[in-house]
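Numbering of the sequence shown is given in my numbering, commencing with residue 6 and proceeding in unit increments.
Where is the CB? At the ideal position from N, CA and C, for every residue including glycine.
Every value quoted in this text rests on a predicted model; they were computed, and no experiment measured them.
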Amino acid sequence: MIHVSWTYGFVVNDGKIFGLTDEVVEESFLGYEIGEVTYYSDIEGSYSGNFSNELPVGTLYFTIQGIAPEEAIAVKKDGFYVKATYGGEYSGGREKSSIQ
């Protein structure tokens, strides 16, 4: 069986995909909590919910002060908060997951 992996790390929040960056967000710039990773897989596919291909279940999502959450959010990665930038609607979030 062949497994295909995505080319970049991301999180999905409320049907929107956010690409992970290396840009550190200082904790003092965090806003309020808006969600968390509810499903993880590094195998390419269509998954529902607040999904990530890089961050574990339970990773929290935060707004960033001065930036609209439709543009970017912050997530904790490797002990730091990093910016995740909006990349469009996630079509996999609209379908029922085939993973049980």
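Of the residues the options, which one's Cα is nearest the Cα of residue i?
i     : options                       : result
Tyr95 : Glu32, Ile22, Phe15 and Tyr13 : Ile22
Ile39 : Gly20, Ile48, Tyr45 and Glu31 : Gly20
Lys81 : Tyr52, Gly71 and Pro61        : Pro61
Gly2  : Ser33, Ser46, Thr26 and Asp27 : Since the displayed the chain opens at 6 and closes at 105, residue 2 lies outside it and no answer follows.
How close, in whole Å, do the beta carbons of residue i and residue j come, if the pair is a contact with beta carbons under 8 Å?
i     : j     : result
Val87 : Ser57 : 12 Å between Cβ atoms; not a contact.
Tyr91 : Ala77 : 6 Å
Buried or exposed for residue i, going by 16 or more other Cβ atoms inside 10 Å?
i     : result
Tyr37 : exposed
Ile69 : buried
Tyr13 : exposed
Pro74 : buried
If you check the beta carbons only, do residue i and residue j fall under 8 Å apart?
i     : j     : result
Gly24 : Ala79 : no
Val42 : Gly63 : yes
Who are the Cβ neighbours of residue i in its own chain at under 7 Å, not counting the five residues just before and after it?
i     : result
Gly93 : Ile22
Return the chain-ordered list of same chain residues with a C-beta closer than 6 Å to the C-beta of residue i, the five sequence neighbours on each side being excluded.
i    : result
His8 : Its pLDDT being 38, under 50, His8 is placed unreliably in this model, and the coordinates cannot settle the point.
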